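Numbering (the UniProt record's numbering), first residue to last: 1 to 83.
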């Protein structure tokens, strides 16, 4: 699983645990809803600043959104050139 996949899955799970819509999460993190949607669909990479803002709204540390459940290191996205 790529780090982008891990982040997308973790972001969506934490958002739903807190009962937030994509729109509400985006509003609280000062981001656009379509950007949050694209991150959750693994279409965009998240910036460090956006990662920090999303983690703050969700009440978690940024690294928690990047760690796979099994604790293994994520791999890079296939065919993305490392981006």
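Glycine residues also receive a C-beta, built at the ideal position from the N, C-alpha and C atoms.
As the structure is a prediction and not an experimental result, all values here were calculated from the model.
Between the CA atoms of residue 7 and residue 40 - distance to the nearest angstrom: 8 Å
Residue 1 to residue 30 span [Cα, whole Å]: 28 Å
Neighbourhood of residue 57 by C-beta, 7 Å cutoff - its chain only, sequence neighbours within 5 removed: 25, 28, 29
Anticipated Cβ contact below 8 Å, residue 33 with residue 22, distance rounded: 5 Å
Assumed close pair residue 65, residue 20 - CB separation to whole angstroms, cut-off 8 Å: Between residue 20 and residue 65 the Cβ distance is about 14 Å, and since that is not below 8 Å, they are no contact.
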